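For reference, the structure is listed below as structure tokens.
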Amino acid sequence: MSTDDIRLVELMKAAQSGDTVAYEQLLETITPLLRRVVRRRRTFLDPDEVEDLVQDILLSVHAVRRSYDPARPFMPWLLAITRNRMADGARRHARTSAHEVAVNNLDVTFAAESTNPLTEGYGDPEALRQAIETLPAGQREAIELLKLREMSLKDAAATSGTTVGALKVATHRAMVALRRLLVARS
Amino acid sequence: MTPDTADLIHRIAAAGAPARPLAPPWTRAGIWCALSLPSLWLLYLVWPHAEAAVLFDRRFAIEQAAALATGLGAAAAAFGTIVPGYSRTIVLGPLAPLAFWLGNLGRLCARDWSAPGDLPPILIDWPCFPATVLAGIVPALVMVVMLRRGAPLTPRRTTALGALAVAGVANFGIRFVHPFDASFIVLAWHVGAVFALSAAVASFGDRIVSWQKAIDASRVGA
Numbered sequence: 640m641s642t643d644d645i646r647l648v649e650l651m652k653a654a655q656s657g658d659t660v661a662y663e664q665l666l667e668t669i670t671p672l673l674r675r676v677v678r679r680r681r682t683f684l685d686p687d688e689v690e691d692l693v694q695d696i697l698l699s700v701h702a703v704r705r706s707y708d709p710a711r712p713f714m715p716w717l718l719a720i721t722r723n724r725m726a727d728g729a730r731r732h733a734r735t736s737a738h739e740v741a742v743n744n745l746d747v748t749f750a751a752e753s754t755n756p757l758t759e760g761y762g763d764p765e766a767l768r769q770a771i772e773t774l775p776a777g778q779r780e781a782i783e784l785l786k787l788r789e790m791s792l793k794d795a796a797a798t799s800g801t802t803v804g805a806l807k808v809a810t811h812r813a814m815v816a817l818r819r820l821l822v823a824r825s
Numbered sequence: 127m128t129p130d131t132a133d134l135i136h137r138i139a140a141a142g143a144p145a146r147p148l149a150p151p152w153t154r155a156g157i158w159c160a161l162s163l164p165s166l167w168l169l170y171l172v173w174p175h176a177e178a179a180v181l182f183d184r185r186f187a188i189e190q191a192a193a194l195a196t197g198l199g200a201a202a203a204a205f206g207t208i209v210p211g212y213s214r215t216i217v218l219g220p221l222a223p224l225a226f227w228l229g230n231l232g233r234l235c236a237r238d239w240s241a242p243g244d245l246p247p248i249l250i251d252w253p254c255f256p257a258t259v260l261a262g263i264v265p266a267l268v269m270v271v272m273l274r275r276g277a278p279l280t281p282r283r284t285t286a287l288g289a290l291a292v293a294g295v296a297n298f299g300i301r302f303v304h305p306f307d308a309s310f311i312v313l314a315w316h317v318g319a320v321f322a323l324s325a326a327v328a329s330f331g332d333r334i335v336s337w338q339k340a341i342d343a344s345r346v347g348a
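Here the protein sequences line up with chains S and X, keeping their order.
If you count by our numbering, then the first sequence holds residues 640 to 825, one letter each, in order.
If you count by our numbering, then the second sequence holds residues 127 to 348, one letter each, in order.
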């Protein structure tokens with residue numbers, strides 16, 4: 640076991656016993672390593688996708704941290720998770736790419752004026768704002784993070800301290816409530 | 127480090143409650159077996175069964191030892207596949223007892239087949255199949271809970287091995303209730319249940335153990 644690995648083992652042992660400072664130090668130490676590995680092995684990903692994958696690996700490490708045996712080296716454990724998550728990421732990337740077609744931004748699709756409205760989205764932003772204000776706190780936060788700030792589910796869940804599943808449910812309920820409110824108002 | 131990642135690290139570390147490391151796979155297989163066997167013992171007590179004398183029959187004892195060893199080996203293999211970096215050779219663990227178990231049954235089957243006289247009708251013993259499945263309920267539930275504590279690196283392989291473990295131990299239990307079955311009936315209904323269960327469970331293994339479930343359960347959010 641190298642000196643670096645011994646240090647990581649010590650940090651991980653402390654993290655498993657609930658030392659949050661050691662845990663943060665461990666995650667900060669491994670993040671650049673993970674980023675390097677992902678960049679080197681996934682050259683087709685853009686920087687944002689690399690960062691998404693690194694974050695995914697960090698969340699995975701956290702989720703299964705009890706599967707690390709302190710009597711064994713740390714790096715093989717970490718790299719096994721990294722390889723597995725990179726393979727998942729590659730499958731996801733391939734699936735997404737297969738359904739995407741790169742096109743230039745075409746503002747006009749049809750010449751007829753009626754098909755080209757000057758504005759997009761909901762017609763009365765003030766009514767929409769008021770409707771959002773009436774939502775319960777959890778649903779309002781879901782709408783703000785996902786629809787107004789356009790955050791990804793992963794980031795929004797991390798920001799709000801909830802789960803992806805709970806956010807999806809809150810967003811769905813919020814959209815149903817908003818639709819009902821705005822239809823009633825109009 | 128980008129601000130988003132730095133923030134995520136901070137959140138993860140803040141959620142870093144103590145996490146006791148998992149025991150080694152063979153130890154966990156033993157724990158799983160110890161948690162599962164009482165339900166089989168209960169089944170033996172409530173189900174009409176043969177006299178205890180038959181349990182000391184040599185052929186029966188060998189078959190039971192092979193079924194239990196298959197269950198334990200498959201459980202250890204399943205628990206090994208959820209430990210990142212663990213040697214993959216552990217998946218070979220259940221192969222030898224499984225081969226011995228099936229080989230022994232196959233040999234006895236051939237002997238029954240070639241013996242003079244009529245064979246007992248196979249369909250009459252179809253309740254062996256649901257009985258094996260029933261015996262597997264508690265071991266299966268314990269297995270799922272224990273598998274979800276590890277890393278879902280290979281969900282289908284892990285759940286297939288877990289199902290094989292459950293089926294092996296369930297067979298071990300149910301044979302105390304049906305010790306007199308002819309070998310080809312054992313092969314058809316009891317062992318058939320093993321492979322039907324393993325194949326069915328493996329086909330939706332990624333719904334039983336998955337990274338998304340593990341990350342959601344870790345309460346940081348992803």
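From the three backbone atoms N, C-alpha and C, an ideal C-beta is built for every residue, glycine too.
Quick caveat: nothing in here was measured; it's all calculated off a predicted structure.
| Check | Outcome |
| --- | --- |
| First through last residue of the alpha helix (DSSP H) which encompasses A795 (chain S) | 792–799 |
| Cβ-heavy atom distance, T721 (chain S) to the ligand SAM, below 7 Å | The ligand SAM is not among the ligands present in this structure, which contains no ligands whatsoever. |
| Residue-chain proximity (S656 (chain S), chain X), Cβ-Cβ < 8 Å | yes |
| Integer-rounded CB distance, given that A202 (chain X) should sit under 8 Å from G219 (chain X) | 5 Å |
| Delimiting residues of the alpha helix (DSSP H) encompassing T196 (chain X) | 184–206 |
| is_contact[R675 (chain S), chain X] using C-beta, thresh 8 Å | no |
| S336 (chain X) in three-state terms, based on DSSP | coil |
| Neighbour flag for L148 (chain X) against chain S, beta carbons, 8 Å | yes |
| Min CB distance A195 (chain X) to chain S below 8 Å | no |
| Against chain S: residues of the segment 328–343 of chain X by CB proximity under 8 Å | W337, Q338, A340, I341, D342, A343 |
| DSSP state of P278 (chain X) mapped onto helix, strand, coil | coil |
| Range covered by the alpha helix (DSSP H) that runs through Y170 (chain X) | 151–172 |
| Min CB distance I696 (chain S) to chain X below 8 Å | no |
| Rounded separation between P150 (chain X) and R275 (chain X) - CA only | 13 Å |
| Coarse secondary structure for F302 (chain X), derived from DSSP in three states | coil |
| Rounded C-alpha distance that separates V677 (chain S) from T285 (chain X) | 28 Å |
| Exposure of D794 (chain S), with buried meaning 16 or more beta-carbon neighbours within 10 Å | buried |
| Selection from S:R724, S:D643, S:A776 that minimises the alpha carbon distance to A277 (chain X) | S:R724 |
| Same chain only: Cβ atoms within 7 Å of L665 (chain S), ignoring 5 sequence neighbours per side | L647, L650, M651, A654 |
| Rounded separation between T735 (chain S) and A729 (chain S) - CA only | 10 Å |
| Residue from S:D727, S:G800, S:R818, S:V803 whose Cα sits closest to the Cα of Q769 (chain S) | S:R818 |
| Contacts that I157 (chain X) makes with chain S (C-beta to C-beta distance below 8 Å) | Under the 8 Å cutoff, chain S gives no residues; its nearest Cβ is about 15 Å from I157 (chain X). |
| G142 (chain X) (DSSP reduced to helix, strand or coil) | coil |
| Under 7 Å by beta carbon: chain X residues contacting G728 (chain S) | What G728 (chain S) touches in chain X: nothing, since even the nearest Cβ is about 11 Å away. |
| Beta-carbon neighbours of I188 (chain X), restricted to chain S and to distances below 9 Å | Here the premise fails: no neighbours, minimum Cβ distance about 35 Å. |
| Within chain X, partners of P709 (chain S) - CB distance below 8 Å | P147 |
| Any chain X beta carbon closer than 8 Å to S641 (chain S) | no |
| Chain S within 8 Å of G347 (chain X), Cβ atoms only | Here G347 (chain X) scores only 49 on pLDDT, less than 50, and its place in the model is too uncertain to base an answer on. |
| Given S336 (chain X) as reference, the closest of X:R233, X:L228, X:I208, X:L323 once Cα atoms are compared | X:I208 |
| Test item: CB-CB of L821 (chain S) and L767 (chain S) under 8 Å | yes |
| Below-8 Å beta-carbon distance, H136 (chain X) vs any chain S residue | yes |
| Same chain, Cβ closer than 6 Å to A348 (chain X), five either side skipped, listed in chain order | Note that A348 (chain X) scores 42 on pLDDT, short of 50, meaning its location in the model is unreliable; the coordinates nonetheless yield the value given after this. Same-chain partners within the cutoff: I341. |
| H304 (chain X) burial status per 10 Å Cβ neighbour count (16 or more: buried) | buried |
| Neighbourhood of A319 (chain X) by C-beta distance below 7 Å, restricted to the same chain and skipping five residues each side | F255, T258, V259, A293 |
| C-beta neighbour in chain S for R131 (chain X), strict 8 Å | The identity of residue 131 (chain X) in the sequence shown is Thr, whereas the question assumes Arg. Judged by the 8 Å Cβ criterion, T131 (chain X) is in contact with chain S. |
| 8 Å Cβ cutoff met for S344 (chain X) and H738 (chain S) | no |
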